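Engineer: The following block contains the structure, expressed as structure tokens.
There are 2 protein chains.
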Amino acid sequence: MNVVRRIAELRAARESLASPLGLVPTMGALHDGHLSLIRRAREECASVVVSLFVNPTQFGAHEDLGAYPRDLSRDLELAEQAGADLVWAPEVDEMYPPGFQTWVQLESLTKPLEGLHRPGHFRGVTTVVAKLFNAVQPQRAYFGQKDAQQAAVVRRMVVDLNFPLEIVVCPIVREADGVAMSSRNAYLNSDERRGAAVLFRALSAAAEAFAAGEREADGLRGVMARVLAEEPLARPQYISIADPESLQELEGQVERALLSLAVHFGNTRLIDNLIVG
Amino acid sequence: MNVVRRIAELRAARESLASPLGLVPTMGALHDGHLSLIRRAREECASVVVSLFVNPTQFGAHEDLGAYPRDLSRDLELAEQAGADLVWAPEVDEMYPPGFQTWVQLESLTKPLEGLHRPGHFRGVTTVVAKLFNAVQPQRAYFGQKDAQQAAVVRRMVVDLNFPLEIVVCPIVREADGVAMSSRNAYLNSDERRGAAVLFRALSAAAEAFAAGEREADGLRGVMARVLAEEPLARPQYISIADPESLQELEGQVERALLSLAVHFGNTRLIDNLIVG
Numbered sequence: 000m001n002v003v004r005r006i007a008e009l010r011a012a013r014e015s016l017a018s019p020l021g022l023v024p025t026m027g028a029l030h031d032g033h034l035s036l037i038r039r040a041r042e043e044c045a046s047v048v049v050s051l052f053v054n055p056t057q058f059g060a061h062e063d064l065g066a067y068p069r070d071l072s073r074d075l076e077l078a079e080q081a082g083a084d085l086v087w088a089p090e091v092d093e094m095y096p097p098g099f100q101t102w103v104q105l106e107s108l109t110k111p112l113e114g115l116h117r118p119g120h121f122r123g124v125t126t127v128v129a130k131l132f133n134a135v136q137p138q139r140a141y142f143g144q145k146d147a148q149q150a151a152v153v154r155r156m157v158v159d160l161n162f163p164l165e166i167v168v169c170p171i172v173r174e175a176d177g178v179a180m181s182s183r184n185a186y187l188n189s190d191e192r193r194g195a196a197v198l199f200r201a202l203s204a205a206a207e208a209f210a211a212g213e214r215e216a217d218g219l220r221g222v223m224a225r226v227l228a229e230e231p232l233a234r235p236q237y238i239s240i241a242d243p244e245s246l247q248e249l250e251g252q253v254e255r256a257l258l259s260l261a262v263h264f265g266n267t268r269l270i271d272n273l274i275v276g
Numbered sequence: 000m001n002v003v004r005r006i007a008e009l010r011a012a013r014e015s016l017a018s019p020l021g022l023v024p025t026m027g028a029l030h031d032g033h034l035s036l037i038r039r040a041r042e043e044c045a046s047v048v049v050s051l052f053v054n055p056t057q058f059g060a061h062e063d064l065g066a067y068p069r070d071l072s073r074d075l076e077l078a079e080q081a082g083a084d085l086v087w088a089p090e091v092d093e094m095y096p097p098g099f100q101t102w103v104q105l106e107s108l109t110k111p112l113e114g115l116h117r118p119g120h121f122r123g124v125t126t127v128v129a130k131l132f133n134a135v136q137p138q139r140a141y142f143g144q145k146d147a148q149q150a151a152v153v154r155r156m157v158v159d160l161n162f163p164l165e166i167v168v169c170p171i172v173r174e175a176d177g178v179a180m181s182s183r184n185a186y187l188n189s190d191e192r193r194g195a196a197v198l199f200r201a202l203s204a205a206a207e208a209f210a211a212g213e214r215e216a217d218g219l220r221g222v223m224a225r226v227l228a229e230e231p232l233a234r235p236q237y238i239s240i241a242d243p244e245s246l247q248e249l250e251g252q253v254e255r256a257l258l259s260l261a262v263h264f265g266n267t268r269l270i271d272n273l274i275v276g
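So the sequences go chain by chain: B and D. Each residue of the first sequence is one higher than the last, beginning at 0 in numbering that gives the first Met the number 0. Each residue of the second sequence is one higher than the last, beginning at 0 in numbering that gives the first Met the number 0.
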């Protein structure tokens, strides 16, 4: 497996990689969720590039940029085992050189949910993803359903800006107790980690209610809220029943919905989601 | 020469074009300025694509989108004569489909000069140029120095977003009396057309003053203003002495500068520029 830091090295190494090329963009701190993306790319593509870059522009001023877990040598080992041909780990200075001033920004899709609670987050995401796409020039790019809104936003960006590639969104990978794999799970103490299972319990309870005939958006939100209330360490930030394409919050009767939520445990913010219908 | 309308057709036709591929993005109404770009691309590239698209998102609400000259059959003939292999003339609906919501936007470079007087103009330009780049995937793209700020903005976008291509900026092509070639010259009546030569006379007078030792930014602006004042049909909108890279307005002693101006003649707005030093 080849490892490069600079964009010029990446472009040179890119020349000898066969098509179709699959890109797995990550912020490092790789877990089984990321590895499932790399393995999927390995199955579907002739070559696989993994980017490792903790992108500062998608963190808010009071978020966890400084604390975000970083372990390059472990990430390289895991990426190689999962089947990466090339890892690109750029420096911040080269991604955002002096005078940098170009931003890619979406409108309605970035307004609700994560966008509402993390102003500027998606501007950072879409800008860096556009840069990764242009630098790597993949035919396919792999994203996790864990960040459901991010997946929808990136899909829309690809259509709107005519990027010549396909977005593949892969299922959430969960721990045995249902907790969605996340690099941020590492922040949790043992009580919080135990409590974190309430996110998936809440989503599952709403999905069961839906399966049993509950179609009222407020009813489904109420099911999630009641389950969350059973966990004293959980401080819910939002509980959403939204249209899976537009991400607009739904009212009344629901046929198909993205159930999603953000919950704080101490200083740690966790998100999870499930689609019903 | 091949002519395509839809993006899928473009992508299919693109497959058989040799690299390096040169793209000449235009809004049609081709004149000798555009043709100089196509000929330059023909000299430097193995294949040449010309796009013809009057991009609605770069026109302000009260600008000349509806009146902008359109003559597809003439443009096709001129593009072919100048050496284009493929012309891509997309429809507005396909470039901006329902739900379109992704914008590419620059900060400081788009604020002065044209950006100040045409709010939203450069957001439309950078968004459509990013789309053209992604759809055509050229190795080189050709722009005219006539739109000096546009050239600077597109260059910066290419660096910032890591587009894998080179921007080539070609000299302004002028009529015998010095008027810069522009599709908008077609709006001028014969008196206005005669008067339009004052733009280049003003730029040339300032360049001569610079050559003769005038280094004060205000002095150079004054030379341009005095020449413009001699033409009763000319209504100057701005007269600028700016840094050629940052486009920031200069004060005091000047070593190198972009001299630029925008002048109304009736309902027609003309721009021109010259670099000194």
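By construction, the Cβ of each residue, glycine as well, lies at the ideal position given by its N, Cα and C atoms. It should be emphasised that the depicted structure is a prediction, and the values quoted were computed from it without experimental measurement.
(1) Secondary structure at F162(B), three-state DSSP: helix, strand or coil?
(2) Taking contact to mean at least 3 C-beta pairs separated by less than 8 Å, is the segment 190-205 of chain B in contact with the segment 159-168 of chain B?
(3) Determine, using beta carbons only, whether V158(B) comes closer than 9 Å to chain D.
(4) Can you check whether the C-beta of E113(D) is within less than 9 Å of a C-beta belonging to chain B?
(5) As a quick exercise: from E213(D), S107(D), L9(D) and L75(D), pick the residue whose alpha carbon is nearest that of S245(D).
(6) For my contact list, P118(D) and G59(D) are in at a C-beta cut-off of 8 Å; report their separation, rounded to the angstrom.
(7) Quick one: which chain B residues come within Cβ less than 7 Å of V103(D)?
(8) Between N133(B) and chain D, is the shortest Cβ-Cβ distance under 9 Å, so that the two count as touching?
(9) Could you name the residues that DSSP lists as bridge partners for C311(D)?
(10) Once you ignore the five residues that flank V262(B) on each side, which residues in its own chain have a CB closer than 7 Å to its CB?
(11) Can you find a C-beta in chain D that's less than 9 Å from the C-beta of R10(B)?
(12) Determine, for R155(D), whether the minimum Cβ-Cβ distance to residues of chain B falls below 9 Å.
(13) Which residue wins for smallest C-alpha separation from W102(D), given the options A129(D), Q80(D) and V275(D)?
(14) Is the separation between the beta-carbon of A185(B) and that of P68(B) shorter than 9 Å?
(15) Please state the DSSP three-state secondary structure of G21(D).
(16) Counting only Cβ pairs nearer than 7 Å, list the residues of chain D close to E106(B).
(17) Would you call Q80(B) buried or exposed, if buried means 16 or more other Cβ atoms sit within 10 Å of its Cβ?
(18) The alpha helix (DSSP H) that contains V86(D), what's its start and end?
(19) Give a yes or no on whether the C-beta atoms belonging to E191(D) and T267(D) are separated by under 9 Å.
(20) Do you know how far the Cα of N1(D) is from the Cα of Q148(D)?
(21) Would you verify that the beta carbon of T25(B) is, or is not, closer than 9 Å to some beta carbon of chain D?
(22) Within 10 angstroms of the Cβ of E76(B), are there 16 or more other Cβ atoms? Answer buried if so, exposed if not.
(23) Buried or exposed: D110(B), going by 16 or more other Cβ atoms within 10 Å of its Cβ?
(24) On the DSSP bridge list, what partners appear for D271(B)?
(25) Provide the residue(s) that pair with Q252(D) in DSSP beta bridges, ordered along the chain.
(26) Could you give the residue range of the alpha helix (DSSP H) that holds L131(D)?
Structural biologist: Considering the structure as presented:
(1) Position 163 of the first sequence, counted from the first residue, corresponds to residue 162(B). Note: F162(B) maps to coil in three-state DSSP.
(2) no
(3) The residue labelled residue 158(B) in the question sits at position 159 within the first sequence. Taking Cβ atoms only, chain D reaches closer than 9 Å to V158(B), which makes this a yes.
(4) Translated into positions along the second sequence, residue 113(D) becomes position 114. Not one chain B Cβ lies under 9 Å of E113(D).
(5) The sequence position of residue 245(D) within the second sequence is 246, counting from 1. Selected option, being the one with the closest Cα: S107(D).
(6) The residue labelled residue 118(D) in the question sits at position 119 within the second sequence. The residue labelled residue 59(D) in the question sits at position 60 within the second sequence. With a Cβ gap of about 7 Å, P118(D) and G59(D) count as contacting.
(7) Residue numbering aside, residue 103(D) sits at position 104 when the second sequence is read from its first letter. By Cβ distance, chain B contributes T101 and V103.
(8) Counting from one through the first sequence, the residue named residue 133(B) turns up at place 134. Yes, because at least one Cβ of chain D sits closer than 9 Å to the Cβ of N133(B).
(9) With chain D covering only 0 through 276, there is no way to say anything about residue 311(D).
(10) By one-based count along the first sequence, residue 262(B) stands at place 263. Correct list, in chain order: L198, L227, A233, R234, P235, Q236 and L269.
(11) Taking the first residue of the first sequence as 1, we reach residue 10(B) at position 11. Output row for R10(B): interface = yes.
(12) In the second sequence, the residue the question calls residue 155(D) occupies position 156. Chain B, which has a Cβ nearer than 9 Å to the Cβ of R155(D), makes this yes.
(13) The residue labelled residue 102(D) in the question sits at position 103 within the second sequence. It is A129(D).
(14) Taking the first residue of the first sequence as 1, we reach residue 185(B) at position 186. Taking the first residue of the first sequence as 1, we reach residue 68(B) at position 69. A contact, by the Cβ cut-off of 9 Å.
(15) Working through the second sequence from its first residue, we reach residue 21(D) at position 22. G21(D): strand per DSSP, three-state reduction.
(16) Walking along the first sequence from the start, residue 106(B) turns up at place 107. The answer, in chain order, is Q100.
(17) As a position in the first sequence, residue 80(B) is number 81, starting the count at 1. Q80(B) should be labelled exposed.
(18) Here residue 86(D) corresponds to residue number 87 of the second sequence, with the count starting at 1. Taken as a continuous stretch (DSSP letters only), V86(D) belongs to no alpha helix (DSSP H), being part of the beta strand (DSSP E) at L85 to W87.
(19) The residue labelled residue 191(D) in the question sits at position 192 within the second sequence. The residue labelled residue 267(D) in the question sits at position 268 within the second sequence. Taking 9 Å as the Cβ cut-off, E191(D) and T267(D) qualify as a contacting pair.
(20) Translated into the one-based positions of the second sequence, residue 148(D) becomes position 149. Translated into the one-based positions of the second sequence, residue 1(D) becomes position 2. Approximately 32 Å between the Cα atoms of the pair.
(21) Locating residue 25(B) in the first sequence gives position 26, counting from the first residue. Chain D contact via Cβ: absent.
(22) By one-based count along the first sequence, residue 76(B) stands at place 77. Classification for E76(B): exposed.
(23) In the first sequence, residue 110(B) corresponds to position 111, counting from 1. Contrary to the premise, residue 110(B) reads as Lys rather than Asp in this sequence. That one is exposed.
(24) Locating residue 271(B) in the first sequence gives position 272, counting from the first residue. Paired residue(s): L260(B).
(25) On the second sequence, residue 252(D) is found 253 positions in, with the first residue counted as 1. Note: Q252(D) sits in a beta bridge opposite E215(D).
(26) As a position in the second sequence, residue 131(D) is number 132, starting the count at 1. It spans H120 to V135 - the alpha helix (DSSP H) in which L131(D) sits, taken as one unbroken run.
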